[in-house]
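Participant:
In this note's numbering, the protein residues as written are 154 to 672.
(1) At what residue ranges does the stretch 480-552 contain a whole run of the beta strand (DSSP E), taking only runs of 3 or more?
(2) Which residue from 621, 548, 637, 547 puts its Cα closest to that of residue 660?
(3) Any contact between the stretch 607-622 and the stretch 583-597? By contact I mean 3 or more CB pairs, one from each, below 8 Å.
(4) What's the C-alpha gap between residue 398 and residue 510?
(5) Take the Cβ of residue 673 as the centre, count every other Cβ of all protein chains shown within 10 Å, and call the residue buried at 16 or more, exposed below.
(6) Use the C-beta contact count for residue 475: other C-beta atoms within 10 angstroms, 16 or more gives buried, fewer gives exposed.
(7) Looking at the strands, I want to know which residues DSSP matches up with residue 449.
(8) Is it a yes or a no for the stretch 314-329 touching the stretch 291-304, going by three-plus beta-carbon pairs under 8 Å?
(9) Grab me the residues of residue 495's own chain with a C-beta within less than 7 Å of its C-beta, minus the 5 sequence neighbours each way, in chain order.
(10) Can you tell me whether residue 375 is helix, strand or coil according to DSSP?
(11) Within 10 Å of its beta-carbon, does residue 404 have 16 or more other beta-carbons around it, so buried, or fewer, so exposed?
(12) Under 8 Å: do the stretch 529-542 and the stretch 243-257 share three or more Cβ pairs, one atom per stretch?
(13) Go to residue 279, then tell me how far its beta strand (DSSP E) extends in each direction, as first and last residue.
(14) So, for residue 480: in the same chain, excluding its five sequence neighbours on each side, which residues have a beta-carbon less than 7 Å away from its beta-carbon?
(15) Exposed or buried, residue 366, counting other C-beta atoms within 10 Å across all chains shown (16 or more means buried)?
(16) Going by DSSP, what residue range makes up the beta strand (DSSP E) through residue 217?
(17) Work out the CA separation of residue 263 and residue 213 for me, nearest whole Å.
(18) Residue 309: buried (16+ other C-beta within 10 angstroms of its C-beta) or exposed?
(19) Could you check if residue 327 is buried or exposed, using at least 16 other CB atoms within 10 Å of its CB as the buried criterion?
(20) Would DSSP call residue 653 helix, strand or coil?
(21) Please confirm whether residue 431 and residue 663 have their CB atoms less than 8 Å apart.
(22) If we ignore side chains and look at the alpha-carbon of each, how far apart do residue 526 and residue 424 end up?
(23) Note down the Cα distance separating residue 407 from residue 582, rounded to an integer number of angstroms.
(24) Using 8 Å as the threshold, is the stretch 331-349 in touch with the stretch 368-378, meaning 3 or more CB pairs across them?
(25) Are residue 412 and residue 441 touching if we call contact CB-CB under 8 Å?
(26) Please go through the same chain and pick out, in chain order, the residues whose beta-carbon is closer than 8 Å to the beta-carbon of residue 628, but skip the five residues on each side of it.
(27) Do you know offhand how far residue 160's Cα is from residue 560's?
(28) Ignoring anything shorter than 4 residues or poking outside the stretch 396-465, list the alpha helix (DSSP H) runs there in chain order.
(29) If you drop the 5 nearest sequence neighbours on each side, which residues of the same chain put their C-beta closer than 6 Å to that of residue 393?
(30) Just to confirm the assignment, what range does the beta strand (DSSP E) spanning residue 227 have?
(31) May I have the straight-line CA-CA distance separating residue 389 from residue 421, to the nearest angstrom?
(32) Rounded to the nearest angstrom, what separates residue 436 and residue 281 at their Cα positions?
(33) Ordered along the chain, which non-local residues of its own chain (more than five positions away) have a Cβ less than 7 Å from that of residue 632?
(34) Let me check understanding here. Comparing Cα to Cα, which of 443, 438, 477, 445 lies closest to residue 462?
(35) Sort 619, 671, 498, 489 by Cα distance to residue 209 and report the nearest one.
(36) When the distance is taken between beta carbons, is residue 544 closer than 8 Å to residue 130?
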């Protein structure tokens, strides 16, 4: 059972435009303006941020060069990123460039992955000349493994391609072991490279699309490919893994018309590894032929391409900083599952000289949380008034405990129906209480899928202490005969909701006298 002690307001939950099939919500933990680190100067990490990796504590952001000619790009390490306050980041204590590289420009790309304590970086992707395009292996302090791929630099020719386009962690097929996957435009294949030696392990069948820009893998080895070209046949493609180096028919699962650009991204987020009943999703960007502000978003779809939602970058962080929407479509993401079972999503967005005004280089750290719908009805017994005017407090608790993990103040509709979405996942007790009604607890509710919970609350708790006693009788006597506007009016003593305290209310109290609500 996953126990997440969250406030009722769920501060940091971002405005994610969800479809009816969505089962997740995003909580914005931190947001950083890293433009000063990606300003294109020789001491920077490039002209724009484009990819991010995470080791569980520290974040690593890699840049690319948009201008023509060779220039400096690099990797910045941001220490203990989850405990930094949101805001502007520049070089200083805990924020340092750990590697610089002279890479090809003209909007050549960069990619960065983390695997088993090691970083793998691809620079100048889309270029054809080494070392301006290269894949290197380095530790988390920036020390390049000089023996990897013999001389420390994996050049395209060493694995039989003329240019690189993307790198990713390939989990392997049916227990065969993981490898560094390398995608190349025009070859229609994906290469597997040894993580430890930098040698070619295998070459897939010719299944991939031309104009491959990025690749991502599901845990079972299925591959997702972002195609972007000058024609209209772009989108996210999927191929089912059929062997160590073989894939089935390529299927276009998310169709769109992208521009003939690098910096087109796709990532697979294994939600079910943390929340087994929930659906995984892919996250991708969309680079249109001409700049379209409506596409400056991170898009989410299920593994079959059905849209789940989109995030425009806006929201408020957990530490109270408001952030604006993305101004450009240079957006990428990576996921990380922490030892205590949290699913984090790190999102990087870049700024280049051609970006719209107001664009910044930015790193966001989010948590992927369940979005479990709880709904049903609340019967307010012995009440003839308008139930939609009576707020009901819903608490979700650990089984057998009374301290709420989440609290919701819900409004009923005219029929008594309510709906809420919780980020908790597992088995919990759910309690409901309204002003002058006793609390009811439904125990051991399975919150791993949408659930219907119906409550029927007993009337008569005028003083709100969850029992009907002489104290409530005294409160009713004090308000007896009153109506709204009278000096002794007490709305909680109007048990039947007819806007006056009469013998009818006394009758309700007598019927329920001595009853206790659930704790």
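Think of the CB as a built atom: it goes at the ideal place given N, C-alpha and C, for glycine as much as any other residue.
Facilitator: According to the structure data:
(1) 484-490, 496-502, 515-523, 525-533, 545-550, all fully within the stretch 480-552.
(2) Out of 621, 548, 637, 547, 621 has the C-alpha closest to the C-alpha of residue 660.
(3) yes
(4) 45 Å
(5) In the structure as shown, the chain begins at 154 and stops at 672. Residue 673 is therefore absent and cannot be evaluated.
(6) Classification of residue 475: exposed, given that the 10 Å Cβ count is below 16.
(7) In the DSSP output, where bridge partners are listed per residue, residue 449 has none listed.
(8) no
(9) 520
(10) coil
(11) When all chains shown are included, residue 404 counts as exposed.
(12) Under the Cβ criterion (8 Å, minimum of three pairs), the stretch 529-542 does not count as touching the stretch 243-257.
(13) Residue 279 -> no beta strand (DSSP E), and no H or E assigned at all.
(14) 449, 508, 509, 511, 512
(15) buried
(16) 212-217
(17) 13 Å
(18) buried
(19) The residue in question, residue 327, is exposed, as its Cβ has fewer than 16 Cβ neighbours within 10 Å.
(20) coil
(21) no
(22) 17 Å
(23) Spanning the two alpha carbons is a distance of roughly 40 Å.
(24) yes
(25) Yes.
(26) The answer, listed in chain order, is 615, 616, 643, 645, 646.
(27) Summary for residue 160: the model assigns pLDDT 36, below 50, so the residue's position carries little reliability, and this model does not support an answer.
(28) Listed in chain order, nothing qualifies, since the stretch 396-465 has no complete alpha helix (DSSP H) run of 4 or more residues.
(29) 375, 401
(30) 224-231
(31) Residue 389 and residue 421 have their C-alpha atoms roughly 12 Å apart.
(32) 28 Å
(33) 641, 642, 643, 646, 654
(34) 438
(35) 489
(36) The structure shown has nothing for residue 130, since the chain only spans 154 to 672.
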